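Take a look at the structure set out below.
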Amino acid sequence: MRTRLLAASLTALAAVSLAACSSSGSGSGSGTGSGSDKATAAAGSPTVAAATPSGAATAGSTASAPTAPATPAPADPSAPGADGSAPAKPAPPADAGLPAKPDADLTGKMVAALNAIDPAIVGGKPDQVVEQARKQCQAMYQFPKDKAKLVELADQHFTSPDHPQGFGPDTSAKINDALRATLCPPQH
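Numbering of the sequence shown is given in numbering that gives the first Met the number 0, commencing with residue 0 and proceeding in unit increments.
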């Protein structure tokens, strides 16, 4: 008799676990206790009640085969999220805001603008400063309104042996202005 009770209890536990797993994966259970579990049970999901000492299940259990779990509909990107929030925007590509490598004429204009600020910025390495400038343009695209962040990033991008920690906030702000005037595309 104890064996039957144990078997019935294990069977009931397995059925409840299976029902919980299938209902939580379908998005119908919100975890708020709003009665969605009752609605799921009424819709045909297997429910199991406590077993009697004789091993027979009491009222509330179903003898029919469990129905297949509902597959969620494909997400509509224009529809609000399940929690009522706005739909998530897709992530921009990794090269968003990164300008193309400039030609010799544009490189010359950019180098001249940076040399006018401080010749140590270019330091005789125009190819290296072009790559630093392109990365800074990408940062300007990513953080168009955060001037403090852009100054901080310019300090990180533009370094030299004499200025390993960058050129300071005043010079970095001037670097950003020079890049906006030459290499970086205008922001909307």
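In this text, a Cβ means the ideal position worked out from N, Cα and C, and glycines have one as well.
None of these values were measured; they are calculated from a predicted model.
Whole-angstrom distance between residue j and residue i, CA atom to CA atom
{"i": "Gly107", "j": "Pro89", "result": "37 Å"}
{"i": "Thr181", "j": "Ala87", "result": "34 Å"}
{"i": "Gln164", "j": "Asp154", "result": "7 Å"}
{"i": "Phe142", "j": "Pro184", "result": "14 Å"}
{"i": "Gly167", "j": "Pro101", "result": "26 Å"}
{"i": "Ala132", "j": "Asp169", "result": "17 Å"}
{"i": "Gly122", "j": "Ala99", "result": "22 Å"}
{"i": "Met139", "j": "Lys173", "result": "14 Å"}
{"i": "Ala103", "j": "Leu149", "result": "26 Å"}
{"i": "Asp117", "j": "Val129", "result": "15 Å"}
{"i": "Lys144", "j": "Leu152", "result": "13 Å"}
{"i": "Lys124", "j": "Ser171", "result": "18 Å"}
Sub-7 Å separation of residue i and residue j beta-carbons
{"i": "Gln135", "j": "His156", "result": "yes"}
{"i": "Ala119", "j": "Asp161", "result": "yes"}
{"i": "Leu113", "j": "Ala177", "result": "yes"}
For residue i, three-class secondary structure by DSSP
{"i": "Lys134", "result": "helix"}
{"i": "Thr107", "result": "The residue you asked about is not Thr; residue 107 is Gly in the sequence shown. Of the three classes helix, strand and coil, the one that applies to Gly107 here is helix, per DSSP."}
{"i": "Lys146", "result": "helix"}
{"i": "Asp126", "result": "helix"}
{"i": "Pro118", "result": "helix"}
{"i": "Ala99", "result": "coil"}
CB contact below 7 Å: residue i versus chain B
{"i": "Leu105", "result": "The structure shown contains no chain B; it is built from a single protein chain."}
Only counting runs of 4 or more residues, tell me where the alpha helix (DSSP H) segments fall wholly within the segment 148-185, in order along the chain.
168-181
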